[in-house]
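Note that the working numbering gives residue 737 to position 49 of the sequence shown, counting from 1, and the numbers run on in steps of one. Quick reminder that beta carbons are idealized off the backbone N, C-alpha and C, glycines included.
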Amino acid sequence: MAKLCLMNKQLRVPKFKSRRYTRCKVCGRARAFIRRFDMCRLCFRELALNGKLPGVTKASW
689 MAKLCLMNKQ LRVPKFKSRR YTRCKVCGRA RAFIRRFDMC RLCFRELALN GKLPGVTKAS
749 W
């Protein structure tokens, strides 16, 4: 879980557009973010394995 102060800081409008960054909606992690699902890879994997993300299946070949 990310620090609350960093999560609140991310919500503010930055002085420059290039300072904007994304955080996971579930845990607040800033790294390894998947834009399509708005969450980090850890939360994505957990929810996908539990079957809580529709249309996501485990790859097998």
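Would DSSP call residue i helix, strand or coil?
i: residue 704; result: coil
i: residue 689; result: coil
i: residue 721; result: strand
i: residue 715; result: coil
Counting only the same chain and skipping the five closest in sequence on each side, list residues whose C-beta sits under 6 angstroms from that of residue i.
i: residue 722; result: 732
i: residue 720; result: 728, 729
i: residue 711; result: 698, 718
Hey, residue i and residue j: beta-carbon distance below 8 angstroms or not?
i: residue 727; j: residue 740; result: no
i: residue 707; j: residue 690; result: no
Tell me which residues share the same chain as residue i and place their Cβ nearer than 8 angstroms to its Cβ, disregarding the 5 neighbours each side in the sequence.
i: residue 709; result: 698, 718
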